[in-house]
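Order-wise, the sequence lines are chains R and H. Using the working numbering, you'd call the opening residue of the first sequence number 485 and step up by one each time. Using the working numbering, you'd call the opening residue of the second sequence number 49 and step up by one each time.
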Amino acid sequence: MNLRLILRLAVLAFATVVIQQAAISQISIFGVSADVGPLVVMSVGLLAGSMAGAITGFGIGLLVDIVLVQTLGVTSLLYIAIGYWSGRLRELRDPAHGLVPLAMGAAATAFAGVGMALIQFLLGVNAPVSLLLFQQIFITVLVNSLIALPVFTIVRRLIRPTLPDDPRRRRRRAYTTGGLSPLSRPSERLGPIPRSSTR
Amino acid sequence: MHDKQVRRRRAVLGLLVGVSLILLTAYFGESSSSPLHTVQRGVVEVLSPVQEGASKALKPVRDVAGWFSDTLNAKSRSDQLQRQVNTLRAQLARAQAAELQNRQLTKLVGLDNSLGIESYHQVAAHVISRSPTLWYATIEVDKGSDDGVHVNDPVIGDGGLVGRISTVDPTVSVVTLITDHSMAVAAQIQDAGGDTGVLVPAVGDPNQLLVQDLPQSGPFHEAVGQQVVTAGFKAGPLQSLYPPGIPIGQVSNASESDLLNDGQVEVTPAVDLRHLDAVQILTKPHGGTERAQLP
């Protein structure tokens with residue numbers, strides 16, 4: 485990770501937490517609020533890889549726990565997993581479909597909701613496991629799915645200039661050249677080697 | 049080269065998970081005056097001006113979203129409020145007569161009125177941030193110990209109980225809402241029997257509360273629609289955190305099986321806790337009286 489990317493990710497993490505707490509949390513849609521935290525972490529993982537995703541997840545999670553005076557480490561633990569696995573998906577499969585962020589956003593939100601519930605129960609919260617809880621998590625997943633694509637687009641616009649290899653550019657290059665970039669294939673760029681020189 | 053990258057990735061992941069687990073374990077086992085809590089409060093204090101500024105700057109966005117939401121619900125809300133107005137008119141007439149009678153009788157027998165909300169000083173505060181999770185129902189307000197706010201001060205807003213102060217810094221405070229899993233409030237149902245119980249949140253639904261430990265008898269159907277208020281109490285030097293008579297909500301469901309088996313009814317909060325812009329913090333209760341750490 486280069487310094488410019490680190491700086492941009494730090495600014496992105498801070499802005500995400502401030503905007504989430506100051507505005508988005510206070511807007512109710514179908515009785516729940518959207519949570520852009522998992523979506524931003526997922527987007528960073530998909531765009532910048534597993535290490536950047538995990539570190540951003542840790543940073544945003546820790547900031548959320550501090551600002552909301554919650555038990556430290558709970559949200560960061562969940563967001564590390566989201567960032568890391570989003571990044572691994574990109575590194576292993578490199579999904580190209582335009583709706584991948586939507587599906588990943590839904591999965592990340594569901595993981596964050598269920599994971600938070602499990603950790604709270606493990607920490608000893610005296611609450612019954614009710615259908616209402618899963619209903620609320622399900623509605624949050626739906627609401628977050630609706631905003632997953634715009635959030636991914638914003639994150640991509642913010643960090644794309646600092647990415648060493650933007651997945652979209654790499655794929656476009658591969659499509660137009662029929663494979664790897666000509667720069668990485670010197671033999672083709674230079675043309676066929678004359679027979680006489682090979683002797 | 050590839051092995052080195054894999055090793056580095058795994059090391060970073062292990063380090064991050066390890067730090068998170070250490071923080072979680074250390075924080076969970078600590079008291080509220082311990083170093084981690086102190087650092088956390090310090091960071092909150094430092095970040096509060098930024099959050100306050102962001103809250104003011106983003107208010108138009110919230111207002112636009114709120115306008116759309118209100119418009120969609122306006123028709124059903126209007127019908128519901130009209131029915132409520134009709135019911136409340138009749139209740140007001142009865143309440144005014146009862147209040148007059150109460151005042152006369154109180155004077156007659158010399159009852160102590162110092163427990164009431166009138167004996168508190170009200171500090172108005174703006175909400176600058178709120179928690180998005182189901183598990184931590186908290187809001188942050190722009191008033192702190194510099195304005196006379198203390199831990200456990202009751203907080204009201206929009207004519208009903210909102211919660212209590214759980215963390216105080218010089219310029220900001222954190223309010224734990226009545227829908228948080230850690231809350232419990234002594235509550236009274238304003239029916240003919242005046243039954244009291246303990247108000248707790250229904251975890252998973254931020255718009256639902258439960259009054260538990262009610263007497264398991266009585267005309268169950270009559271409880272629906274009744275007002276629920278804080279019970280308040282005073283026993284020697286000890287006093288409830290909440291003054292009596294603060295509206296909490298309305299009984300929305302009282303099934304016979306719930307009342308007989310668990311002694312509980314469902315309550316809808318009087319305050320829309322998701323759209324709070326300003327609250328009142330009740331500070332400085334009558335001097336010399338120690339308040340109990342009890343709901």
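Quick reminder that beta carbons are idealized off the backbone N, C-alpha and C, glycines included. Note that this is a predicted model, so its numbers are computed, not measured.
Three-state secondary structure assigned by DSSP to serine 668 of chain R: Position 184 of the first sequence holds residue 668 of chain R. Low confidence applies to serine 668 of chain R: its pLDDT is 47, below 50, so where it sits in the model is not reliable enough to give any reading.
Checklist entry - Applying the criterion that 16 or more other CB atoms from any shown protein chain within 10 Å of the CB defines a buried residue, is aspartate 118 of chain H buried or exposed? => result Within the second sequence, residue 118 of chain H is the residue found at index 70, counting from 1. Counting of Cβ neighbours within 10 angstroms places aspartate 118 of chain H among the exposed residues, the total staying below 16.
- Query: Sorted by chain position, which residues of the same chain lie with C-beta nearer than 6 Å to valine 246 of chain H's C-beta, five sequence neighbours on each side aside?
  - Reply: Along the second sequence, one-based indexing puts residue 246 of chain H at 198. So the qualifying residues of the chain are Ala232, Gln260 and Asp261.
Report task. Quick one: using the 10 Å Cβ neighbour count with 16 as the cut-off for buried, is alanine 143 of chain H buried or exposed? Result -> Mapped onto the second sequence, residue 143 of chain H falls at position 95. Alanine 143 of chain H is classed as exposed because its beta carbon has fewer than 16 other beta carbons within 10 Å across all chains shown.
* Asked: For isoleucine 623 of chain R, which of R/Val501, R/Pro585 and R/Phe514 has the nearest alpha-carbon?
  -> In the first sequence, residue 623 of chain R corresponds to position 139, counting from 1. Here the closest residue by C-alpha is R/Phe514.
Return the CA-CA distance between glutamine 170 of chain H and asparagine 200 of chain H, expressed in angstroms with no decimal places.
-> Mapped onto the second sequence, residue 170 of chain H falls at position 122. Mapped onto the second sequence, residue 200 of chain H falls at position 152. C-alpha separation (whole angstroms): 14 Å.
- Query: What is the DSSP secondary structure of leucine 330 of chain H, counted as helix, strand or coil?
  - Reply: Here the question's residue 330 of chain H lines up with position 282 in the second sequence. Here leucine 330 of chain H sits in strand by DSSP.
Closest to leucine 324 of chain H by C-alpha separation, out of H/Lys107, H/Val248 and H/Ser303, would be which residue? In the second sequence, the residue the question calls residue 324 of chain H occupies position 276. Minimum Cα distance to leucine 324 of chain H is reached at H/Lys107.
Note to self: Between R/Gly571, R/Val528, R/Phe542 and R/Gln505, which has its C-alpha nearest lysine 104 of chain H's C-alpha?
What the structure shows: As a first step, residue 104 of chain H is located in the second sequence; it is residue number 56 there, counting from the start. That would be R/Gln505, whose Cα lies nearest to the Cα of lysine 104 of chain H.
inquiry  = Strictly by DSSP, which residues pair up with serine 177 of chain H?
reply    = Taking the second sequence and counting its residues from 1, one reaches residue 177 of chain H at position 129. Secondary-structure assignment with DSSP links serine 177 of chain H through a beta bridge to H/Glu188.
Going along chain R in order, which residues have a C-beta closer than 8 Å to the C-beta of glutamine 99 of chain H?
-> In the second sequence, residue 99 of chain H corresponds to position 51, counting from 1. Neighbourhood of glutamine 99 of chain H in chain R, by CB distance below 8 Å: Val502, Gln505, Ala506 and Val551, in chain order.
Checklist line | Sequence-distant residues of the same chain with beta carbon closer than 6 Å to leucine 489 of chain R, five excluded per side | finding: Here residue 489 of chain R refers to the residue found at position 5 of the first sequence. Hits under 6 Å: Thr646.
query: How would you list, in chain order, the residues of chain H whose beta-carbon sits under 8 Å from the beta-carbon of phenylalanine 542 of chain R?
result: Indexing the first sequence from 1 puts residue 542 of chain R at position 58. The contacting residues are Leu64, Val67 and Ser68.
Which whole-angstrom value is the C-beta distance of glutamine 274 of chain H and glutamine 238 of chain H, which I expect to be below 8 Å? In the second sequence, residue 274 of chain H corresponds to position 226, counting from 1. In the second sequence, residue 238 of chain H corresponds to position 190, counting from 1. Between glutamine 238 of chain H and glutamine 274 of chain H the Cβ distance is about 6 Å, and since that is below 8 Å, they are a contact.
* Cβ-Cβ separation, valine 216 of chain H to serine 96 of chain H (assumed contact under 8 Å), whole Å -> For the purposes of this step, residue 96 of chain H is taken as the residue at position 48 of the second sequence. For the purposes of this step, residue 216 of chain H is taken as the residue at position 168 of the second sequence. With a Cβ gap of about 12 Å, serine 96 of chain H and valine 216 of chain H do not count as contacting.
Along chain R, in chain order, which residues have C-beta atoms closer than 7 Å to that of asparagine 121 of chain H? In the second sequence, the residue the question calls residue 121 of chain H occupies position 73. Under the 7 Å cutoff, chain R gives no residues; its nearest Cβ is about 11 Å from asparagine 121 of chain H.
Open item on the list: When you compare the CB positions of leucine 209 of chain H and leucine 321 of chain H, do they come within less than 7 Å of one another, or not?
Closed with: On the second sequence, position 161 is the one that residue 209 of chain H refers to. On the second sequence, position 273 is the one that residue 321 of chain H refers to. No, Cβ-Cβ distance for leucine 209 of chain H and leucine 321 of chain H is not below 7 Å.
Mark serine 177 of chain H as exposed unless 16 or more other C-beta atoms lie within 10 angstroms of its C-beta, in which case mark it buried.
-> Counting from 1 along the second sequence, the entry for residue 177 of chain H is found at position 129. Around the beta carbon of serine 177 of chain H, 16 or more other beta carbons lie within 10 angstroms, which makes this residue buried.
Practice prompt. Assuming isoleucine 566 of chain R and alanine 596 of chain R form a contact by the criterion Cβ under 8 Å, report the distance between their Cβ atoms to the nearest whole angstrom.
Written response: Within the first sequence, the letter at position 82 stands for residue 566 of chain R. Within the first sequence, the letter at position 112 stands for residue 596 of chain R. The Cβ separation is near 7 Å, so the contact holds.
Since methionine 535 of chain R contacts glycine 557 of chain R with CB under 8 Å, what's their CB separation in whole angstroms? Translated into the one-based positions of the first sequence, residue 535 of chain R becomes position 51. Translated into the one-based positions of the first sequence, residue 557 of chain R becomes position 73. Between glycine 557 of chain R and methionine 535 of chain R the Cβ distance is about 20 Å, and since that is not below 8 Å, they are no contact.
Which of the three DSSP states, helix, strand or coil, is assigned to serine 214 of chain H? Within the second sequence, residue 214 of chain H is the residue found at index 166, counting from 1. Looking at serine 214 of chain H - three-state DSSP - the assignment turns out to be strand.
Quiz item: How about the stretch 570-590 of chain R and the stretch 543-552 of chain R: do they share at least three Cβ pairs that are nearer than 8 Å?
Solution: Remark: fewer than three beta-carbon pairs, one from each stretch, lie closer than 8 Å, so the stretch 570-590 of chain R and the stretch 543-552 of chain R are not flagged as touching.
Along chain R, which residues have their Cβ under 8 Å away from the Cβ of tryptophan 115 of chain H? Taking the first residue of the second sequence as 1, we reach residue 115 of chain H at position 67. Think of a sphere of 8 Å around the beta carbon of tryptophan 115 of chain H: no beta carbon from chain R falls inside it, the nearest being about 11 Å out.
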